[in-house]
Amino acid sequence: MTESDGKSQFTARLLRPNDSGGGCPWAFVVLPKEASAKLLRRGRTTVSVTMNCHQFEALLEPDGRKSHWLRIDDAELRAAKAEIGQEIQFKIAAMAQEPEPEVPADFAQALESEPEAQTTWNATTTIARIDWVHWIVSAKQAKTREKRINDACEMLTSGKKRVCCFDPSGFYSKEFSAPQADESTN
-8 MTESDGKSQF TARLLRPNDS GGGCPWAFVV LPKEASAKLL RRGRTTVSVT
42 MNCHQFEALL EPDGRKSHWL RIDDAELRAA KAEIGQEIQF KIAAMAQEPE
92 PEVPADFAQA LESEPEAQTT WNATTTIARI DWVHWIVSAK QAKTREKRIN
142 DACEMLTSGK KRVCCFDPSG FYSKEFSAPQ ADESTN
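The working numbering puts the sequence shown at residues -8 to 177.
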């Protein structure tokens, strides 16, 4: 395996987040820096994950420390016969082509109402669209999200294909981090 092929193997403990946001339980792991460094970008990226011989695709999130973290939903835990607190062998591989991001309904509606913005949006790269969506959904308040949607439409209408002044890794902005682990799973 070469340094640039986007593939890694590592062992990590499945951690429970302090705040799971309600709903079904889920786990997470923070990728070792060496594994994250083999990926093409420090921002959001989709990978193929193999965990206990169970394979699935997942969106890695930036941890703000030049690495990534992986959320593992309950269905994936059950399919892999894995439990929170266990040490698990992981294999990850970068996708040959990044899938299109899921565009939030409010942003999609705004794009539909601005034909010039929609035209520029359609002309951007998948990675650029991932960053636009990440910038919008990372807003912590509804008012900020609304402003970002309006700003995105203005920038796209003016022909900008990349979101301006957004740090997709969270390293410089300190905007992103992995969840805090429940002490009982460390």
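Positions of the beta carbon are idealized from the N, C-alpha and C atoms, including for glycine. No experiment lies behind these values; they were computed from the predicted model shown.
In its chain, beyond the 5 residues on either side, Leu30, Leu51 have a beta carbon closer than 6 Å to the beta carbon of Thr36. Restricted to the region 82 to 162, not a single beta strand (DSSP E) segment is unbroken, complete and at least 3 residues in length. The beta-carbon separation of Asp54 and Phe167, rounded to 7 Å, stays under the 8 Å limit for a contact. Secondary structure note for Lys(-2): its beta strand (DSSP E) is the uninterrupted segment -2 to 4.
Straight-line measurement puts the Cα of Glu105 at about 20 Å from the Cα of Thr135.
With 16 or more other Cβ atoms inside 10 Å of its own Cβ, Gly161 counts as buried. With a cut-off of 8 Å on Cβ pairs, the region 92 to 111 is in contact with the region 140 to 152, counting three or more such pairs.
DSSP places Glu67 inside the alpha helix (DSSP H), whose first and last residues are 65 to 70. Assignment of Ala26 by DSSP, reduced to helix, strand and coil, places it in the helix class. Excluding sequence positions up to five before and after Phe1, its CB lies within less than 6 Å of the CB of Pro23, Ala26, Phe81, all in the same chain and listed in chain order.
Exposed is the label assigned to Glu48, since fewer than 16 other Cβ atoms lie within 10 Å of its Cβ. In this structure Ala66 does not touch Met42 by the C-beta definition: roughly 12 Å separates them, more than the 8 Å allowed.
Beta bridge pairing from DSSP links Ala49 with Val38. Straight-line spacing of the CA atoms in Ile121 and Glu74 works out to 31 Å.
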